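Working notes, beginning with the structure itself.
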Amino acid sequence: MDAFFASVEQLTRPTLRGRPVLVGGLGGRGVVAGASYEARVFGARSAMPMHQARRQVGAGAVVLPPRGVVYGLASRRVFDTVRAKVPVLEQLSYDEAFGEPPELAGASAAEVEGFCQQLRADVRDVTGLVASVGAGSGKQIAKIASGLAKPDGVRVVPRNEESTLLAGLPVRRLWGIGPVAEDRLHRLGIETIGALAALTEREVADVLGATVGPALHRLARGVDDRPVAENAPAKQISAESTFAEDLITLAQLREAIGPIGDHAHRRLEKDGRGARTITVKLKRSDMSTLTRSATLPYATTEAATLIGTARRLLLDPVEIGPVRLVGVGFSGLTEVRQEPLFTDPELAMEETSDAGVPATLSDVAAAAPAWRIGDDVRHAAHGHGWVQGAGHGVMTVRFETRASGPGTARTFPVDDPALTRANPVDSLDWPDYVEAMGREPSAPAGEDVPGR
Numbered sequence: 000m001d002a003f004f005a006s007v008e009q010l011t012r013p014t015l016r017g018r019p020v021l022v023g024g025l026g027g028r029g030v031v032a033g034a035s036y037e038a039r040v041f042g043a044r045s046a047m048p049m050h051q052a053r054r055q056v057g058a059g060a061v062v063l064p065p066r067g068v069v070y071g072l073a074s075r076r077v078f079d080t081v082r083a084k085v086p087v088l089e090q091l092s093y094d095e096a097f098g099e100p101p102e103l104a105g106a107s108a109a110e111v112e113g114f115c116q117q118l119r120a121d122v123r124d125v126t127g128l129v130a131s132v133g134a135g136s137g138k139q140i141a142k143i144a145s146g147l148a149k150p151d152g153v154r155v156v157p158r159n160e161e162s163t164l165l166a167g168l169p170v171r172r173l174w175g176i177g178p179v180a181e182d183r184l185h186r187l188g189i190e191t192i193g194a195l196a197a198l199t200e201r202e203v204a205d206v207l208g209a210t211v212g213p214a215l216h217r218l219a220r221g222v223d224d225r226p227v228a229e230n231a232p233a234k235q236i237s238a239e240s241t242f243a244e245d246l247i248t249l250a251q252l253r254e255a256i257g258p259i260g261d262h263a264h265r266r267l268e269k270d271g272r273g274a275r276t277i278t279v280k281l282k283r284s285d286m287s288t289l290t291r292s293a294t295l296p297y298a299t300t301e302a303a304t305l306i307g308t309a310r311r312l313l314l315d316p317v318e319i320g321p322v323r324l325v326g327v328g329f330s331g332l333t334e335v336r337q338e339p340l341f342t343d344p345e346l347a348m349e350e351t352s353d354a355g356v357p358a359t360l361s362d363v364a365a366a367a368p369a370w371r372i373g374d375d376v377r378h379a380a381h382g383h384g385w386v387q388g389a390g391h392g393v394m395t396v397r398f399e400t401r402a403s404g405p406g407t408a409r410t411f412p413v414d415d416p417a418l419t420r421a422n423p424v425d426s427l428d429w430p431d432y433v434e435a436m437g438r439e440p441s442a443p444a445g446e447d448v449p450g451r
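The structure is reproduced here in structure tokens:
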């Protein structure tokens, strides 16, 4: 799928079509989760600090918080559509999967291209979203080809053209070559996949290791017989880091857990499910390990809620001793998620009363700002919309969905009783599909709605 998160926002909020959209964290340490192609022309990209992306795009940037529940449902419908033609899919994330249609065995390049073009047309007709498709004799070539096909295209690489294609590509384009391996190869003057393929197996093993090296060498030579198979869903998603010097204060731990939690959260978003249980792992300088866990009342993909909970689980090194490793894990993974009921989930997890006693959730909800940009709302007369701006006691709402076309904007007092929180899924305007999945298309805010 092309620029999936931003494309879903442009699909469900038609006013944003053709505009530079950035999806990600809105705070000072926010990271870009997705950028539309209109934003990418300015250099914005996924995993970039949001403040940098906003600066590069300029005043025209539209910055929105992620709506995981909407992306999850859109992804499911995309791959339901694909499965009608390709029954077995190896799904890598919300927006990427491998397929190996049996009827294409032995097909010509022209026949494969026709199949891919029809597949793209089906996805667009059913969902309104744009896909690019790459095809080749194995996963490696197909993945590279799909990147070359973007945006909005098809690239078929015949077997007799694979070596030529691979030879000229940067070595980083090889699936499995990360920044560390790339740096090692560059220091040896190996810049392209062709140069890597020209090494002997022993030379590759010396540089990249006896296990990984030979596998990457085969891929560089176009040898890839890995089958397409349905993935068994992971039970836990985690990230951890060992520090050069032990952490000896709680402040150091709190600072360190942010990037680690962000890494685990990015992996969670790629998985496409929400998490209920958060676990923090602390390895002390004597190599003993402590773990603490907390379980939320609902599954979520909201970074502030998950990482805020992880921070609450930390133990003070003054009490437990110096810490050399910190890990964050998410488990209780499920496709059924609930959007946070608060504008600032981290505030909800960490705010305390004046007496030093943790505030109740209702206390925090009452204190938190009512609305934020990107929230889905429903008005008694105007229907479904989203918040374009809020402040000084008023809010501007754009009333539109996928099916409505660009909508009108209206301004209301923030406490207007005609405005209520809406199920973000309603912005897709797929009531028949939602009902077919056994879910209600919408429900009043505050109810435990599957997919919210």
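When we follow numbering that gives the first Met the number 0, the leftmost residue of the sequence shown carries the number 0, and every step to the right adds one.
Cβ coordinates follow ideal geometry from the N, Cα and C atoms, glycine included.
Small disclaimer: the values here were computed from a predicted structure and weren't measured.
Check: Using the rule of at least 16 other Cβ atoms within 10 Å of the residue's Cβ for burial, across every protein chain shown, is E102 buried or exposed?
Finding: exposed
Notebook entry, point to check: H378 lies in the beta strand (DSSP E); which residues open and close that run?
Noted result: D375 to H378
Checklist line | V20 beta carbon less than 8 Å from that of V61 | finding: yes
Note to self: For V156, tell me which candidate among W174, R171, G137 and P150 has the shortest Cα-Cα distance.
What the structure shows: G137
Next item on the list: Could you check how far apart the C-beta atoms of A293 and T308 are, in whole angstroms? I think they sit under 8 Å.
Entry: 5 Å
Note to self: With a threshold of 8 Å on Cβ separation, who are the neighbours of D223 within its own chain once the five nearest residues in sequence on each side are excluded?
What the structure shows: S136, G137, K138, Q139, I140 and R217
Note to self: With three or more C-beta pairs closer than 8 Å as the rule, is the stretch 264-278 touching the stretch 315-333?
What the structure shows: yes
Note to self: Tell me the rounded alpha-carbon separation between L249 and T304.
What the structure shows: 20 Å
Notebook entry, point to check: Is the stretch 124-136 in contact with the stretch 73-80, if contact means three or more CB pairs nearer than 8 Å?
Noted result: yes
Note to self: Taking the alpha carbon of R283 as the reference point, which residue from E239, G67 and G320 has its own alpha carbon closest?
What the structure shows: G320
Check: Whole-angstrom Cβ separation of L0 and A130, contact assumed at under 8 Å?
Finding: The sequence given here places Met at residue 0; Leu does not occur at that position. 5 Å between Cβ atoms; contact.
Notebook entry, point to check: In this structure, does DSSP put I176 in helix, strand or coil?
Noted result: coil
Check: Going straight from the alpha carbon of Q116 to that of R154, what length do you get?
Finding: 10 Å
Next item on the list: Taking H50 as part of the alpha helix (DSSP H), name the residues at either end of that continuous run.
Entry: M49 to V56
Next item on the list: Between the Cα of G152 and those of E301, E160, A134 and R158, spot the shortest distance and give me the residue it belongs to.
Entry: A134
Check: Skipping 5 residues on each side, what residues in its chain have a beta carbon closer than 7 Å to that of A180?
Finding: L207
Check: What is the C-beta distance between G464 and E268, in whole angstroms, given that I count them as a contact (C-beta under 8 Å)?
Finding: Outside the shown range of the chain, which is 0 to 451, sits residue 464, and nothing can be said about it.
Notebook entry, point to check: Leaving out the 5 sequence neighbours to the left and right, which residues in its chain are closer than 7 Å to I247 when beta-carbon positions are compared?
Noted result: P316 and P321
Note to self: Quick check on the burial criterion: 16 or more other C-beta atoms within 10 angstroms. Buried or exposed for K142?
What the structure shows: buried
Next item on the list: Check whether the stretch 176-196 touches the stretch 158-168, counting contact only when three or more Cβ pairs, one atom from each stretch, lie closer than 8 Å.
Entry: yes
Notebook entry, point to check: To which residues of the same chain is E112 closer than 7 Å at the C-beta, ignoring the five residues directly before and after it?
Noted result: V153 and V155
Checklist line | Range covered by the alpha helix (DSSP H) that runs through H262 | finding: L249 to D270
Next item on the list: Verify whether the separation of the beta carbon atoms of A302 and G24 is less than 8 Å.
Entry: yes
Check: Distance, Cα to Cα, V56 vs D205?
Finding: 43 Å
Notebook entry, point to check: Which one or two residues does DSSP pair with Q235 in a beta bridge?
Noted result: S330
Check: Taking the alpha-carbon positions, what's the R186 to A46 distance?
Finding: 26 Å
Checklist line | Contacting residues, own chain, Cβ-Cβ under 6 Å from F41 (five flanking each side not counted) | finding: Q55 and V56
Check: My guess is that D375 and H383 are in contact by the Cβ rule of under 8 Å, so how many angstroms apart are they, rounded?
Finding: 7 Å
Margin query: Please report the straight-line C-alpha distance between A421 and A379, rounded to a whole angstrom.
Written below: 11 Å
Notebook entry, point to check: In its own chain, which residues sit with a C-beta less than 7 Å from the C-beta of D94, not counting the 5 before and 5 after it?
Noted result: M0, F3 and S74
Checklist line | Burial state of A109, where buried means 16 or more other Cβ atoms lie within 10 Å | finding: exposed
Next item on the list: For G390, name the three-state secondary structure that DSSP assigns.
Entry: strand
Next item on the list: Put T163 into one of helix, strand or coil per three-state DSSP.
Entry: helix
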